[in-house]
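> Could you have a look at this structure, given as structure tokens, before my questions?
There are 2 protein chains.
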Amino acid sequence: MNRKTLIANIKEKKSFLCVGLDTDLEKVPPKFLEADDPIFEFNKMVIDLTKDHAVAYKPNTAFYEAYGASGWNSLEKTIDYIGNDHFIIADAKRGDIGNTSGRYARAFFHTLQADSVTVAPYMGIDSVSPFLAFENKWVILLALTSNSGSQDFQLLKDEDGLLFEQVIKKSQEWGSIDNLMYVVGATHPEQLKHIRSLIPDHFLLVPGVGAQGGTIQEVADAAFTKDCGLLVNSTRGIIYAGGNGEGYQERIKNAAAELHNQMKTYFT
Amino acid sequence: MNRKTLIANIKEKKSFLCVGLDTDLEKVPPKFLEADDPIFEFNKMVIDLTKDHAVAYKPNTAFYEAYGASGWNSLEKTIDYIGNDHFIIADAKRGDIGNTSGRYARAFFHTLQADSVTVAPYMGIDSVSPFLAFENKWVILLALTSNSGSQDFQLLKDEDGLLFEQVIKKSQEWGSIDNLMYVVGATHPEQLKHIRSLIPDHFLLVPGVGAQGGTIQEVADAAFTKDCGLLVNSTRGIIYAGGNGEGYQERIKNAAAELHNQMKTYFT
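As they're listed, the protein sequences go chains A and B.
Heads up, the first sequence is in our numbering, so the first residue is -1 and it goes up one at a time.
Heads up, the second sequence is in our numbering, so the first residue is -1 and it goes up one at a time.
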């Protein structure tokens, strides 16, 4: 999906909601465990319930790899089922030497048909560039992540600035607003505003709303632009909002609708 | 595999050779393409030809993911076939928020039964710790990688030193010589010696010998210890040494034997 279509989808729906599909069979309602492919069946339900509220889906590969080849099969089916009307993020946090990153790009862009993949910047240019060579596909580069460990290295400072600032600056030479986004955690609202000033036109993927403590309002106030420029992700706050008891479908839908309603107020 | 067994295997074989299994179907002899599972059949041949020379195998997950669920199936079969007599490195360069890294640990240590997994440090402590919670399993943390992009961020310097030095220092608080190794590229022999002085007892996984330009002698002269302390990886220089013509099996075996012979001279 290209930038123009992504922005059009966002404006039409008045939503910048991304739903994380980190499906854990220890947390889904027990009836799904009876299915041939419980992960896919649960995802299918979540997608059906949230598709009018979300513009993007973000399966995290760890939750599929935990089940080996069968988990990868569920991931393939999930991405097929999402289809072309939503932006698909393979949250994989990959990155390797050039030759090898090229194979990952093939895995996520050709074999899986995702629109984008999250990439870790530690290994530098040749670990990122192979992903940028695919037309209408995106790299979402880790800048300032939402977790507590983000303090360990991402805030190291040399004469040219903090490490995450240098990741943002240096990577501007590798990609453009048409194929490069950044991950910035909602748990750092003050830094979100600063990062928006560094990159006024790039999309930001913002995890950390809900279970991790950030809010839509903090994120949008800090970084919403005329093109929106945001994809805000919620995972546990939506897909496990239902619990196991009767009416879980309604609670999942309501959780997505509630975030959508908050988002609508930013579109005039 | 624990440290004691790893060292015993190394000393018995007089080898610290790790063979990379980055199997690319565009590069294997055409007869393998006729097999039901070409990747596994090629790996099986490489393992049979090199097992007396190598102490470790390192499949890189990118080469399997490029083929989707079927590639993961080949990876599972390959790891089963290697068995318990060799140290198995899942070269995956993973790392995510704690909850998610825990799922990756399950994928590589339970579902795949690898001994170790390579981990990217960018996301800090909670992205690494979940892997360290498994007994007799190892994290191999990226420190100074072999690729050209290693210059982009790994050499950034603040008052506490270069980024890769800080990754090494900080991670000492998270793991020990019994569950934590580091990736240091053979393309940086001067830094290898320096890193060995920082961590005299940790194992180092050293890629970059052969196709990438490093040599066994440079690496061993810089960082060989009384416990060896090294796993030196060669991939393309071994698994594609055979080419497609007659006698390729002998050429693969000879390529591994040649590195093994160089390594033997370091054991008295």
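Ideal Cβ positions, reconstructed from N, Cα and C, are used throughout, including at glycine.
Using a Cβ-Cβ distance under 8 Å, would A:L140 count as near chain B?
Cβ-Cβ to chain B under 8 Å: yes for A:L140.
> Going by DSSP, which residues form a beta bridge with B:V181?
For B:V181, which the question treats as bridged, DSSP gives the partners B:L140 and B:L203.
> Distance, Cα to Cα, B:T268 vs B:V115?
Nothing can be reported for residue 268 of chain B, as the shown portion of chain B is limited to -1 through 266.
> Using a threshold of 8 Å, state whether the C-beta atoms of A:D94 and A:S125 are closer than that.
In contact: A:D94 and A:S125 (Cβ atoms closer than 8 Å).
> Just verifying my parser: in three-state terms, what is the DSSP assignment at A:F222?
Of the three classes helix, strand and coil, the one that applies to A:F222 here is coil, per DSSP.
> Would A:K168 count as contacting chain B if we go by Cβ distances under 8 Å?
True, the Cβ-Cβ gap to chain B drops below 8 Å.
> Express the C-alpha separation of A:K11 and A:S68 in angstroms, rounding to a whole number.
Going by the C-alpha atoms only, they are around 34 Å apart.
> Since A:L110 meets chain B, which of its residues come closer than 9 Å, beta carbon to beta carbon?
Going along chain B in sequence order, the residues near A:L110 (Cβ under 9 Å) are E63 and G66.
> Using 10 angstroms around the beta-carbon of A:G183, count the other beta-carbons present and answer buried if the total reaches 16, otherwise exposed.
The residue in question, A:G183, is buried, as its Cβ has 16 or more Cβ neighbours within 10 Å.
> Pairs of beta-carbons, one from the region 194 to 208 of chain B and one from the region 216 to 233 of chain B, closer than 8 Å: are there three or more?
Counting Cβ pairs under 8 Å, three or more are found: they touch.
> Quick one: is B:P119 near chain A, going by C-beta distance under 8 Å?
Closer than 8 Å to some Cβ of chain A, the Cβ of B:P119 qualifies, so yes.
> Helix or strand or just coil, what does DSSP make of B:D156?
Of the three classes helix, strand and coil, the one that applies to B:D156 here is strand, per DSSP.
> Under three-state DSSP, which class holds A:N71?
It is helical.
> Using only CA atoms, which one of A:E216, A:L190, A:G240 and A:Y264 lies nearest to A:K224?
Cα-wise, what sits closest to A:K224 is A:Y264.
> Run the CB neighbour count on A:Y120, radius 10 Å, all protein chains shown included, and call it buried at 16 or more, exposed below.
Classification of A:Y120: buried, given that the 10 Å Cβ count is 16 or more.
> Put A:K91 into one of helix, strand or coil per three-state DSSP.
In this structure, A:K91 counts as strand in the three-state DSSP scheme.
> So what does DSSP say about A:V26, is it helix, strand or coil?
Residue state, collapsed to three classes: coil.
> Quick check: what's the CA-CA separation for B:K168 versus A:S146?
Cα to Cα, B:K168 sits roughly 14 Å from A:S146.
> Between the region 11 to 23 of chain A and chain B, which residues of the former have CB atoms less than 8 Å from a CB of the latter, in chain order?
Hits within the stretch, in order: D20 and D22.
> For the alpha helix (DSSP H) containing B:S174, name the first residue and the last one.
No alpha helix (DSSP H) contains B:S174, which DSSP labels as neither H nor E.
> Given that B:E74 touches chain A, what residues does it touch there, using C-beta distances under 7 Å?
Per Cβ cutoff of 7 Å: G66 and A67.
> If we cut at 8 Å on Cβ distances, does A:F151 have a partner in chain B?
Chain B contact via Cβ: present.
> For A:V117, write down the residues that DSSP places opposite it in a beta bridge.
DSSP output for A:V117 lists A:R92 and A:L139 as bridge partner(s).
> For a contact meaning CB atoms closer than 9 Å, what does B:Q164 contact in chain A?
Residues of chain A passing the Cβ test: D150, F151 and L154.
> Between B:K135 and the rest of its own chain, which residues show a CB-CB distance below 6 Å, the 5 nearest in sequence each way excluded?
F107, listed in sequence order.
> Compare the C-beta of A:I95 with all C-beta atoms of chain B and state if any pair is closer than 8 Å.
Judged by the 8 Å Cβ criterion, A:I95 is in contact with chain B.
> So what does DSSP say about A:N145, is it helix, strand or coil?
The answer is coil: DSSP assigns A:N145 none of H, G, I, E or B.
> Under 8 Å: do the region 72 to 83 of chain B and the region 44 to 60 of chain A share three or more Cβ pairs, one atom per stretch?
Segments in contact, no.
> When DSSP labels each residue in this structure, what does A:G212 get in the three-state scheme?
Strand at A:G212.
> Within the chosen definition, does the region 60 to 76 of chain B reach the region 58 to 73 of chain A through at least 3 CB pairs nearer than 8 Å?
Yes, since at least three Cβ pairs between the region 60 to 76 of chain B and the region 58 to 73 of chain A fall closer than 8 Å, the two stretches touch.
> With DSSP collapsed to three states, give me the class of A:P57.
In this structure, A:P57 counts as strand in the three-state DSSP scheme.
> I'd like to confirm the pairing. Which residues does DSSP put opposite B:P18 in its beta bridges?
One detail in the question is off: residue 18 of chain B reads as Gly in this sequence, not Pro. B:G18 is bridged to B:K56.
> Checking 8 Å against the spacing of the C-beta atoms, do A:A131 and A:V165 come in under that value?
Cβ atoms of A:A131 and A:V165: not closer than 8 Å.
> Contact between the region 208 to 220 of chain A and the region 184 to 193 of chain A is defined here as three or more beta-carbon pairs at a separation below 8 Å; is this criterion met?
Yes, the region 208 to 220 of chain A touches the region 184 to 193 of chain A.
> Going along chain B, which residues have a C-beta under 8 Å from A:Y102?
Ordered by position in chain B, the residues that pass the 8 Å Cβ test against A:Y102 are A60, E63 and A64.
> Closer than 8 Å by beta-carbon distance: list the chain B residues that pair up with A:S125, in chain order.
Ordered by position in chain B, the residues that pass the 8 Å Cβ test against A:S125 are N145 and G147.
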